[in-house]
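S.K.: All residue numbers for the sequence shown refer to the numbering used here, where the first residue is 4 and numbers rise by one. Every residue, glycine too, gets a C-beta built ideally from N, C-alpha and C.
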Amino acid sequence: MKNRVLFVKPPDRFLENEFVYQQLGPHYLQSFLAQYGIYADLLVLYESDAARKNKKVGTFASPSLDDLNTLHIKYDGSCIEGAFDKVVFEQYDIVGLSVMSPQAADAYLLSSLLNKFYSHITTVIGGSHPRYYLSAVASLAEAMAFDFIVPNDGWWPMYQVSVGEVKKGSKKSQILNHSFRKLADLPAPTRPKALMEKYSFNIAGVNAYHTITALGCPFSCHFCESGREKLRKFSIDMIDHDLFVIAATQTELGHKEKAVMFFDDVGLMNPKQVEQLALLVAKHKFTTWRAFSHAYLIVKYQDGILDPFKESGGKRIGLGIETGSQNSLNLINKQNGKQQNVNEHYEAIRIANEHGIAVDAFTMIYPWEDEDDLKATTELIKFVAANEVKGVDELGRTLKNHVDSTIMTPFQGTAFFDMINLGELPFVKIKKNMDPGLLYYKGNNGSSGWPYTETRLSKERYEEEQNYRNSFRPQYR
Ligand code: B12
Ligand code: SF4
């Protein structure tokens, strides 16, 4: 008899809304296993309204599985929604958890529960948390530990566990390490209707879902884990199929117009690539789309990037402009063979807006910054917020630029994490053995976790500036 496999997505407790962006990891694995006749189910966990309310009024104890709701989505599309009940696991042989660091606490609660009540189940943990916090996951106490830890690509290890090619033994925490050199011949992620109808965000007034075109990144930002990972692109055929599935799901759900967002930082890199994506977007009849680019590339290619984007309905681009302080920009080391310049941030916004394209501009506060650095970024943000966009959205409203200000969090696996631990970043020290629950830079009400014991200016001063910057956000986007 075949093993019965369940993928679990732990809750995103600190996000304002848990149903904005689908967590794609398990969906890539689900469609991969299906190629081999293994039809895995999904369990999506989210915090109940009551627990969220208790948090607001301060009567919330520590997180517990009892304050969760579940969406149990079978491979055939049927779905049951209800309060968390451990009995749901009983019918499975293998439970695979997909975990980002802020979800780790819940993942550990779940593995403790499975170890205690369901010894027949093989537990597997994958995702960005075991990738960057491998030593912490591998040293969990026996009662909390997973049978298998998958720190890199999950496709092949999950297949091996599912068909019994590797089996759990008496020893917990076996590491299954695998990476495809190229991401060719992989199927597009699943988009179960019952799940997709829960998710909601829009681009320029149109219902949207997201996807990604690549893993890793050719840039080298010191605050980002991807800055150390080689770029691997998904095949154009896979993206084509993915867009087909997204569009079909939107049609089934009755969305009159459709939009798509490419979430990675390498969506709009050069004219040839944009033309390729624009053709696919048009082929699948998306009304509008959004993707991320980089200021110096907008300045360098101008029409070459922006014209095919706009002609295929593009109205908004994301730009990680990070900072208005040249000093901070140099320290961040955002490079792809070329030193970045703050002047190009201003220039890129002007060019995009002139083309009728609005910019979603992402910036951070860095813990070494003094008042001059803060002032320089706030000026940049004011410029972005005030600059006129020569275009309208799908609802006929004038397009507006959007600004975002967070506080940088040095996750393990980033160059900054190492530099801070070596004392190479002046004025900055971080907590030792940091709780992964503190590891977020954009949570409820735009708040950021605070992993520091020492920073140049105070936490209160940085937060004051962060709130001030976020007050320049437009009423709509
Ligand atoms: C889209 C996205 C989001 C979306 C959706 C979340 C998601 N996971 O899909 C949203 C906006 C919600 C989001 C939020 C956040 N994100 Co984010 N996000 C991404 C992004 C750009 C793409 C994710 C993706 O689809 N990857 C593609 C899939 C194929 O990769 P994958 O999920 O890693 O899955 C592979 C393996 O990990 C493994 N795998 C995954 N699950 C499982 C399960 C099992 C059982 C097995 C065996 C294997 C396995 O197999 C897959 C195929 O190889 C990544 C960067 C990236 N390129 O991955 C950042 C990234 C995952 N995010 C990151 C961060 C920091 C955050 C936030 C903390 C930001 C914040 N707001 O403060 C929050 C955390 C939210 C939370 N859950 O608690 C970090 C994670 C760092 C960490 N230590 O976990 C990343 C790596 C970006 C970065 N370089 O900083 N994010
Ligand atoms: S922040 Fe963006 S551009 Fe920089 S390394 Fe990470 S993914 Fe690449």
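(1) Quick check: the segment 408-415 against the segment 357-372, are at least 3 beta-carbon pairs closer than 8 Å?
(2) Can you tell me which residues form a DSSP beta bridge with Glu84?
(3) Would you check whether ligand 2 has a heavy atom nearer than 7 Å to the C-beta of Lys303?
(4) Which one or two residues does DSSP pair with Met367 in a beta bridge?
(5) Pull up the distance between the alpha-carbon of Val153 and that of Gly28, whole angstroms please.
(6) As a quick check of your reading: which residues have a C-beta less than 5 Å from at least one non-hydrogen atom of ligand 2, in chain order?
(7) Mind the definition here: the segment 219-239 touches the segment 266-276 only if three or more C-beta pairs lie below 8 Å; say whether that holds.
(8) For Gln279 and Ile242, I'd like the C-alpha separation in whole angstroms.
(9) Tell me whether Glu457 sits in a helix, a strand or coil according to DSSP, three-state version.
(10) Please confirm whether Thr291 and Glu391 have their CB atoms less than 8 Å apart.
(11) List the endpoints of the continuous alpha helix (DSSP H) containing Thr491.
(12) With distances taken from CA atoms, which of Glu84, Ser115 and Pro105 is nearest Val98?
(13) Examine ligand 1 and report whether any of its heavy atoms sits within less than 7 Å of the Cβ of Gly340.
(14) Whole angstroms are fine: how far does the CA of Ser328 sit from the CA of Leu334?
(15) Which residue comes first and which comes last in the beta strand (DSSP E) that contains Tyr49?
(16) Which first and last residues belong to the beta strand (DSSP E) in which Tyr39 is found?
(17) Along the chain, where does the alpha helix (DSSP H) containing Ala108 start, and where does it finish?
(18) What I want to know is whether the C-beta of Ser101 ends up closer than 7 Å to one or more non-hydrogen atoms of ligand 1.
(19) Tell me whether the beta-carbon of Leu32 lies closer than 8 Å to the beta-carbon of Trp158.
(20) Who are the near neighbours of Ala187 in its chain, counting only those whose CB is closer than 7 Å to its CB and skipping five residues on each side?
(21) Please state if the CB of Ser34 and the CB of Pro195 are separated by a distance shorter than 8 Å.
(22) Does the contact criterion of 3 or more C-beta pairs under 8 Å hold for the segment 99-114 versus the segment 5-17?
(23) Using only CA atoms, which one of Tyr455, Phe289 and Asn470 lies nearest to Phe312?
(24) Short of 6 Å in beta carbon distance, which residues of its chain neighbour Gly208, apart from the five on each side in sequence? Order them along the chain.
(25) Could you please give the first and the last residue of the uninterrupted alpha helix (DSSP H) stretch that includes Arg464?
(26) How is Glu93 classed by DSSP in three states: helix, strand or coil?
(27) How big is the Cα-Cα spacing for Gly359 and Tyr465?
(28) Can we count Arg134 as close to ligand 1, meaning its CB is less than 7 Å from some heavy atom?
(29) So, helix, strand or coil for Met437, using DSSP?
(30) Check each candidate in Ile178, Ile320, Lys5 and Met4 and name the one with the smallest Cα separation from Arg480.
(31) May I ask you to list the residues that DSSP assigns as paired with Val209?
(32) Measure from the alpha carbon of Tyr346 to the alpha carbon of each residue in Ala54, Ser315, Ala379 and Ala361, then state which is nearest.
(33) Please indicate yes or no: does the CB of Leu143 lie closer than 7 Å to some heavy atom of ligand 1?
(34) Closest to Lys1 by CA distance: which of Lys201, Phe204 and His123 is it?
(35) Less than 8 Å separating the beta-carbons of Pro14 and Tyr443?
(36) Could you tell me which residues DSSP puts in a beta bridge with Arg235?
M.R.: For this structure:
(1) The answer is yes - the segment 408-415 touches the segment 357-372, with three or more Cβ pairs under 8 Å.
(2) Leu74
(3) no
(4) Thr409
(5) 12 Å
(6) Those satisfying the condition are, in chain order, Cys220, Phe222, Cys224, Cys227, Ser229, Gly230 and Asp268.
(7) yes
(8) 11 Å
(9) Reduced to three states, the DSSP call for Glu457 is strand.
(10) Contact: no.
(11) Lying outside 4 to 480, the shown extent of the chain, residue 491 is not represented and no answer is given.
(12) Ser115
(13) no
(14) 10 Å
(15) Asp44 to Glu50
(16) Looking at the DSSP string, Tyr39 is not in any beta strand (DSSP E), and its letter there is neither H nor E.
(17) Ala107 to Phe120 is the extent of the alpha helix (DSSP H) around Ala108.
(18) yes
(19) yes
(20) Ser238
(21) no
(22) yes
(23) When each option's Cα is compared against that of Phe312, the closest is Phe289.
(24) Asp396, Glu397 and Leu398
(25) Note, Arg464: alpha helix (DSSP H), Lys462 to Asn473.
(26) coil
(27) Distance between the alpha carbons of Gly359 and Tyr465 is about 33 Å.
(28) With a threshold of 7 Å, the Cβ atom of Arg134 counts as near ligand 1, since some heavy atom of the ligand is closer than that.
(29) coil
(30) Ile320
(31) Ile206
(32) This sequence places Asn at residue 346; Tyr is not what is there. Ranking the options by Cα distance to Asn346, first place goes to Ala379.
(33) no
(34) In the structure as shown, the chain starts at 4 and stops at 480, and residue 1 therefore has no counterpart that could be examined.
(35) no
(36) Leu218
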